[in-house]
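First the structure, in the form of structure tokens, and then the observations on it.
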Amino acid sequence: MIISTARPESRHGAGFTLVELMVAGGIGSFILTGVLSVVLMMGRSGLSAANYADMEAQSRRAVDEFAQDVRMASNLTWNSATSVTLTVPDNYAGTGNRVTYAYDSAAAGPTARSFYRLPGEAGSTATRYVLARNVTALNFARYTRTNAVATSQLLTKRLQLTMNLRTIRATTVDQNTLVVSASYVLRNKPSN
Numbered sequence: 074m075i076i077s078t079a080r081p082e083s084r085h086g087a088g089f090t091l092v093e094l095m096v097a098g099g100i101g102s103f104i105l106t107g108v109l110s111v112v113l114m115m116g117r118s119g120l121s122a123a124n125y126a127d128m129e130a131q132s133r134r135a136v137d138e139f140a141q142d143v144r145m146a147s148n149l150t151w152n153s154a155t156s157v158t159l160t161v162p163d164n165y166a167g168t169g170n171r172v173t174y175a176y177d178s179a180a181a182g183p184t185a186r187s188f189y190r191l192p193g194e195a196g197s198t199a200t201r202y203v204l205a206r207n208v209t210a211l212n213f214a215r216y217t218r219t220n221a222v223a224t225s226q227l228l229t230k231r232l233q234l235t236m237n238l239r240t241i242r243a244t245t246v247d248q249n250t251l252v253v254s255a256s257y258v259l260r261n262k263p264s265n
């Protein structure tokens, strides 16, 4: 009789036990959760960056258009701290060379919470051209030739615009942008 010293093959090395599978599944779940969290955070960061870029583009375009008309203006009518009407020679001929820049603080409507340009006087029924949307606050400041705060239309030689834009999205944190323009000189308006 021959006695073999080789061990019979066991089934233990052929597969995984239930405990091993549960541990591997748990570790895999943690890793997958981490990867998905990173992907979601990157998506939100990208959306936030896009919102900031949109607000910056809107505000830059709005301030540029406002500045161009202010620099060419020969006179102004101070309607309020949120509305100014400019007389711009050789522009806006259909409205007597007048254009109004104003803020619509209404919560609803086509120009709601926007900074807009309106050909004509403040009460005109002409179409409003929205320059910036999602504006939460807007204020015009007026100054004299020597940069003192102007107390009347007659003394006003400079205009400055300050506005706050805010984007609210359900998937990201609210983004705010504060825009403070330079103090633009009304070049064609006589000094007093």
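Here my numbering = 1-based position in the sequence shown + 73. In this text, a Cβ means the ideal position worked out from N, Cα and C, and glycines have one as well.
* What's the call for L211, buried or exposed, on a 16-neighbour Cβ count within 10 Å? -> Counted from its first residue, the sequence shown places residue 211 at position 138. So L211 ends up on the buried side.
* **Backbone CA spacing between R134 and R201 [nearest angstrom]** => Locating residue 134 in the sequence shown gives position 61, where the first residue counts as 1. Locating residue 201 in the sequence shown gives position 128, where the first residue counts as 1. Between R134 and R201, the C-alpha separation is close to 16 Å.
* Could you tell me which uninterrupted beta strand (DSSP E) segments, each at least 3 residues in length, are contained entirely in the stretch 184-226, listed from first to last along the chain? => 187-192, 202-205, 208-216
* Can you tell me whether R260 is buried or exposed, with buried defined as 16 or more other CB within 10 angstroms of its CB? -> The residue given as residue 260 occupies position 187 in the sequence shown. When all chains shown are included, R260 counts as exposed.
* Asked: Do you know offhand how far D137's Cα is from A154's?
  -> Here residue 137 refers to the residue found at position 64 of the sequence shown. Here residue 154 refers to the residue found at position 81 of the sequence shown. So the two alpha carbons sit approximately 19 Å from each other.
* Residues that Y176 bridges to, as DSSP identifies them -> Taking the first residue of the sequence shown as position 1, residue 176 is located at position 103. F188.
* Asked: Can the beta-carbon of R171 be found closer than 8 Å to that of E194?
  -> Within the sequence shown, the letter at position 98 stands for residue 171. Within the sequence shown, the letter at position 121 stands for residue 194. Yes; because the gap between Cβ atoms is below 8 Å, this pair is in contact.
* To do: Taking all protein chains shown into account, decide if D142 is buried (16 or more other Cβ within 10 angstroms of its Cβ) or exposed.
  => In the sequence shown, the residue the question calls residue 142 occupies position 69. When all chains shown are included, D142 counts as buried.
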